Amino acid sequence: MPFALPDIGEDEINEVVHSLRSGWLTTGIKARQFEKEFAEFIGPDVEAVAVNSATAGLHLALEAVGISQGDEVITTPYTFTATAEVIRYFGAHPVFVDIDPNTYNLDPDKLELAITPKTKAIIPVHFGGYSCEMDKIMEIARAYNLRIIEDAAHALPTHYKGKLVGSLDTDAAVFSFYATKTITTGEGGMIVTKDRNIAARCRTMRLHGINRDVFDRYTSSRPAWYYEVVAPGYKYNLTDIAASIGIHQLRKCMSFYEKRKDIARIYNEEFKNLPLILPPQPDDPDSTHSWHLYVVGMDQASTSMSRNDFVQKLFDMGIGCSVHFIPLHLHPYWSSMYNYKPEDFPVALSVYERSVSLPIYTKMSDSDIARVVDAVKAAFR
Ligand SMILES: *Cc1c(COP(=O)(O)O)cnc(C)c1O
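First residue of the sequence shown: 479, per the working numbering; consecutive thereafter.
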């Protein structure tokens, strides 16, 4: 059984075929429609800007808030390298803040200590689909005049205190539609912001710094051949082929969520008496977990089995699993660039050493779910 599988239906396939037959392959009416429906899904007063990956979206959002060489941007080491690499694109520096041992999210109580006169922004990552403590992070950001770009790659749909991630009062939130994420376009991403200036800058910079996109040029009243380059931008636009998939994936977002929530409920119930640390559960009644990831930890107080032995046993029983994440400060680039030692972020290190991500995706049948449950129980016998 694979660790993850996309859930693509006939609607997506027919829409892609329609795009292919239409002759309009690149960014056009379907990318527009996907943006419009995505913004409506997230809530009032937001704009959505479609891009070809969340990495591109994070890059554009940082550019739009003016990150530049020598700046510092605070984030978590417990994430995918994309979160931090985009900071380096500017010659700016990521400053890692260790995680909370219960939520695996950036620990807001350690945030203030990391702020220096060079700090410009914070990138909170909603790990696994469980929201960061945004009230505390937003309060600190206001006090120090810092920008917030949320890495919401795992957080569709995630509620924080009754509001969907994407509709909070931050500068922007960036979602991912990579093949393993909660909805997919193969590759793709979405920047969501309430700030018209950020949205406008991202729209310009995602397409070479051209002030009108290609589709506009061929449909508006200005001459079709005319455009203006206002900055050295990037090539980050989402194609209509990809948007065709996204339009239908978005419509299934809530039913996909219900399915993953069911799987998480079964896992929680079946694993509660095993020597496993279960994923964090929202304690606020108006907060929800997207269940993009279901991460268990070996409870070292009650089992001597190592994480690696556990993963091996699951593999031997045919169950694919994964580890999220190898903390960034353990990777050769980040550790040599900033002279990190493994124990510099002790919580991230110890959570990493005990953690395993189990399969949780909508294509799992009841018998697939039962197979995972049986295999996990058998691993401890
Ligand atoms: C997947 C992921 C990204 C990157 O998303 P892409 O769409 O593949 O660029 C960024 N941050 C986190 C936490 C992710 O898991």
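Ideal placement from N, C-alpha and C gives every residue a C-beta, glycine not left out. The structure displayed is predicted, hence computed values, not measured ones.
Spatially closest choice to residue i from the options, by CA coordinates
i: Pro701; options: Arg690, Val708, Pro710; result: Arg690
i: Val851; options: Ser782, Asp764, Asn746, Pro820; result: Asn746
i: Val551; options: Ile593, Glu525, Lys588; result: Ile593
i: Asp787; options: Asp764, Gly521, Val854; result: Val854
i: Phe653; options: Val527, Leu752, Tyr556; result: Val527
i: Tyr830; options: Ser784, Ala621, Phe858, Pro810; result: Ser784
i: Pro760; options: Leu685, Asp485, Tyr582, Ile615; result: Tyr582
i: Pro753; options: Ser765, Asp777, Lys737, Val789; result: Asp777
i: Arg859; options: Asn751, Pro480, Asp485, Phe512; result: Asn751
i: Asn675; options: Tyr656, Thr663, Asp649, Gly664; result: Asp649
i: Leu591; options: Val543, Ala657, Glu490, Ile615; result: Ile615
i: Thr504; options: Lys588, Ile741, Val529, Asp762; result: Val529
i: Gly770; options: Ala742, Ala570, Arg510; result: In the sequence on display, residue 770 carries His and not Gly. The shortest C-alpha separation from His770 is found at Ala742.
i: Asp489; options: Thr663, Lys819, Thr553; result: Thr663
i: Thr553; options: Arg566, Tyr705, Leu584; result: Leu584
Min CB distance residue i to chain D below 9 Å
i: Ala633; result: Among the protein chains of the structure shown there is no chain D, as only one such chain exists.
Residue i: CB within 8 Å of a non-hydrogen atom of ligand 1
i: Thr717; result: no
i: Asp777; result: no
i: Gly569; result: no
i: Ser531; result: yes
i: Gly607; result: no
i: His637; result: no
i: Leu540; result: no
i: Leu536; result: yes
i: Thr594; result: no
i: Val603; result: yes
i: Phe512; result: no
i: Ala721; result: no
i: Phe574; result: no
i: Gly667; result: yes
i: Thr505; result: no
i: Phe558; result: yes
i: Thr581; result: no
i: Thr648; result: no
C-beta atoms of residue i and residue j nearer than 9 Å
i: Asp578; j: Pro586; result: yes
i: Gly687; j: Gly724; result: no
i: Val882; j: Ser835; result: What is shown of the chain runs 479 to 859, which leaves residue 882 out entirely.
i: Gly775; j: Arg849; result: no
i: Leu808; j: Leu827; result: yes
i: Ile669; j: Leu728; result: no
i: Gly640; j: Ser531; result: no
i: Ile601; j: Thr561; result: yes
i: Lys596; j: Asp549; result: yes
i: Ala599; j: Arg620; result: no
i: Tyr816; j: Ser768; result: no
i: Arg832; j: Ile755; result: yes
i: Asp576; j: Val773; result: no
i: Arg684; j: Lys659; result: no
i: Asp485; j: Lys841; result: yes
Cutoff 8 Å; reference residue i; Cβ partners in own chain excluding five residues on either side
i: Gly487; result: His726, Lys730
i: Val564; result: Thr533, Leu536, His537, Leu540
i: Thr682; result: Ile688, Asn689, Val708, Ala709, Gly711
i: Val643; result: His604, Ser609, Glu628, Ala630, Ala633, Leu634, Pro635, Thr636, His637, Ala651
i: Phe568; result: Leu540, Glu541, Ile545, Ser546, Gln547, Asp549
i: Ser780; result: Pro753
i: Pro480; result: Gly798, Pro837
Cβ neighbours of residue i in the same chain (closer than 6 Å, five flanking residues each side left out)
i: Met612; result: Tyr638, Leu646
i: Tyr839; result: Ala482, Leu483
i: Trp812; result: Leu806
i: Lys672; result: Asp523, Val524
i: Ile520; result: Leu642, Gly644, Ser645, Val670
i: Ala677; result: Glu525, Val527, Thr671
i: Asn580; result: Pro758
i: Glu748; result: Val851
i: Pro555; result: Phe574, Pro805, Leu806, His807, Phe823, Ala826
i: Leu589; result: Val575, Ile618
i: Asn715; result: Thr505, Arg684, Leu685
Own chain residues within Cβ distance below 7 Å of residue i, not counting five before or after
i: Lys508; result: Ser497, Asp718, Ala721, Ser722, Ile725
i: Trp502; result: Asp718
i: Asp764; result: His637, Lys639, Gly640
Residue i: CB within 8 Å of a non-hydrogen atom of ligand 3
i: Phe655; result: Ligand 3 is absent from the structure shown, which contains only ligand 1.
Note to self: As an exercise, report each continuous beta strand (DSSP E) stretch of at least 3 residues that is fully enclosed by the stretch 665-689, in chain order.
What the structure shows: 667-671
Margin query: At 3 residues or longer, what runs of the beta strand (DSSP E) sit wholly inside the stretch 722-794?
Written below: 772-776
Check: Which runs of the alpha helix (DSSP H) spanning at least 4 residues fall entirely within the stretch 507-535, listed in chain order?
Finding: 507-520
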